[in-house]
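> In the numbering used here, the protein residues as written are 7 to 201.
1) In or out: residue 140 buried (at least 16 other Cβ within 10 Å) or exposed?
2) Whole-angstrom Cβ separation of residue 69 and residue 114, contact assumed at under 8 Å?
3) Which word fits residue 180, buried or exposed, when buried means at least 16 other C-beta atoms lie within 10 angstroms of its C-beta?
4) Using three-state DSSP, classify residue 176 as helix, strand or coil.
5) Specify, as a first and last residue, the run of the beta strand (DSSP E) that residue 88 falls within.
6) Mapping DSSP to helix, strand and coil, what is residue 160?
7) Below 8 Å on the Cβ atoms is my guess for residue 51 versus residue 127; work out the distance and round it to an integer in Å.
8) DSSP has residue 31 in a bridge; who is on the other side?
9) Rounding to the nearest angstrom, what Cα-Cα distance links residue 148 and residue 137 in this structure?
10) Give me the Cα-Cα distance between residue 63 and residue 117, rounded to the nearest whole angstrom.
11) Between which two residues does the alpha helix (DSSP H) harbouring residue 73 extend?
12) Take residue 183 as the anchor and find which of 143, 100 and 29 has the nearest alpha-carbon.
13) Under the three-state reduction of DSSP, which class applies to residue 193: helix, strand or coil?
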């Protein structure tokens, strides 16, 4: 009886060893970076970012010109030949210009913050959609090959060390997943290599 229990335990242990062999790896960073949709989204993001930076630059130029005009007005206000009436009139104009300058500076800052947040949100949304597509293809490939678990071998732990220290290359789905994802690349036509 004792021998039967030992043999049963041994077979059960060996059975769990088989489950461990159903683990595959993938270099998720490579798949993400080399997926054609990622490049497309990066180009769209860069274009929107450049447009926002151009608008900010234009507004800062307007602010600089307004600041220069304000400095000239302040300098003219200090003219000793001005009458009290003219000085009071110009003082009011300077105060209006200072208020205009402050409002424009605040508007620029608000636009910068809003643009940054909007771009970050769009990039995060696009990244999540791309990762969803990648995960779908990984799931299909893993099921086709009989894997129960796929681990990202490019992932880093909190200590910046790789999470997967070793994996056999025949369990790596990176190339297959990339090939499947890039079949729909309009720049490649029928899914052939760009080379």
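Quick reminder that beta carbons are idealized off the backbone N, C-alpha and C, glycines included.
With the given structure in hand:
1) buried
2) 6 Å
3) buried
4) helix
5) That residue, residue 88, is in no beta strand (DSSP E); it is neither H nor E in DSSP.
6) coil
7) At roughly 11 Å, the Cβ-Cβ gap does not stay under 8 Å, so residue 51 and residue 127 are not in contact.
8) 157 and 178
9) 16 Å
10) 11 Å
11) 42-83
12) 143
13) coil
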